[in-house]
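Asks: In the numbering used here, the protein residues as written are 232 to 336. Idealized CB from N, CA, C, for every residue including glycine. Being a predicted model, the structure only gives us computed values, none of them experimental. Mind having a look at this structure? Questions to follow.
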């Protein structure tokens, strides 16, 4: 599970997170997590969680796939601008100038 703070500040366990910080709660640390708003500003956060895949994971840069073969094919598709990557060369992120400050707990 990961908690990413968009605005405000929160306490997660014994750590305080503020805007653009992330906390990653590892499997087995706790069955539940208490998140408290510690400031006067409204908190906006993204919480990501899910079941473990229990499958091999292959990654390179921003590509993550289940096999090395699929990873290589997707990278070739990206380089050649096909199979969903047709606009990849001209696309620009709207959040590219945001700064990430990570904090692991």
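Going by C-alpha to C-alpha distance, which of 297, 271, 266 sits closest to residue 277?
Replies: 266
Asks: Who are the near neighbours of residue 240 in its chain, counting only those whose CB is closer than 8 Å to its CB and skipping five residues on each side?
Replies: Same-chain partners within the cutoff: 247, 248, 249, 250, 268, 269, 270, 272, 274.
Asks: Anyone know if the C-beta pair for residue 201 and residue 293 falls short of 7 Å?
Replies: Any property of residue 201 remains undetermined from this structure, which presents the chain solely from 232 to 336.
Asks: In this structure, does DSSP put residue 320 in helix, strand or coil?
Replies: Annotated three-state conformation of residue 320 is coil, per DSSP.
Asks: Just the C-alpha distance for residue 317 and residue 324, rounded to the nearest angstrom, thanks.
Replies: 16 Å
Asks: Return the CA-CA distance between residue 283 and residue 300, expressed in angstroms with no decimal places.
Replies: 22 Å
Asks: Between which two residues does the alpha helix (DSSP H) holding residue 302 run?
Replies: Its alpha helix (DSSP H) spans residues 299-311.
Asks: Quick one: using the 10 Å Cβ neighbour count with 16 as the cut-off for buried, is residue 234 buried or exposed?
Replies: buried
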